[in-house]
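Numbering (full-length UniProt numbering), first residue to last: 1 to 104. For each residue, glycine too, the CB sits at the ideal point set by N, CA and C. Data block below; observations after.
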Amino acid sequence: MRKPQRLPQPTLDEYEWQDRASCRSVPVAVFFQSENARGGVRAAGEEAAKRVCRVCPVIAQCRVHAIAAEDYGVWGGLTALERAAIRDQPAAAGAGRSLRRGAA
Ligand code: SF4
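Here's what the structure looks like:
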């Protein structure tokens with residue numbers, strides 16, 4: 001479940017990077033695998049999303065946002081599990097707190 005308290009303030013400055021996102025022209029289903037997808041099917045789906053992210057001009061901004069605030073799907077070239085693993089690292093937890101305060 002998304003945790004709104006982790007999202008940055010809804011200001012234009014915080015989200016304008018999304019206007020330049022490569023995924024704007026890609027179906028959202030590419031980034032959010034079915035809950036029933038497992039094994040090779042899930043890996044292939046996640047890899048398809050990561051291919052879009054690899055050429056995205058805002059991957060750095062997206063990754064910071066996603067590590068702090070997104071629990072599902074591929075964001076910033078990372079799966080939900082990969083982001084959760086990063087969150088569990090002490091240095092990343094500090095970065096997330098900064099974003100939540102709006103300090104990015
Ligand atoms: S890095 Fe991936 S999920 Fe993030 S904005 Fe770019 S294409 Fe979309």
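For residue i, tell me which candidate among the options has the shortest Cα-Cα distance.
i, options, result
"Ala91", "Val64, Pro57, Phe32 and Val74", "Val64"
"Ile67", "Ala49, Gly77 and Arg87", "Arg87"
"Gln18", "Ala84, Trp75, Arg83 and Gly45", "Trp75"
"Asp13", "Gly77, Gln61, Thr79 and Gln89", "Gln61"
"Ile59", "Arg20, Leu81, Ser25 and Ala44", "Arg20"
"Tyr72", "Arg6, Gln9, Ala85 and Phe31", "Phe31"
Is residue i a contact residue of the ligand SF4, with contact defined as CB to any heavy atom under 7 Å?
i, result
"Val52", "yes"
"Gly40", "no"
"Ser34", "no"
"Val64", "no"
"Gly76", "yes"
"Ser22", "yes"
"Val28", "no"
"Ile59", "yes"
Just reading off the alpha helix (DSSP H) that residue i is part of, what are its end residues?
i, result
"Gly45", "Gly39 to Arg54"
"Glu14", "Leu12 to Tyr15"
"Glu82", "Ala80 to Arg87"
Do three or more CB pairs link the segment 24-43 to the segment 54-61 at distances below 8 Å?
no
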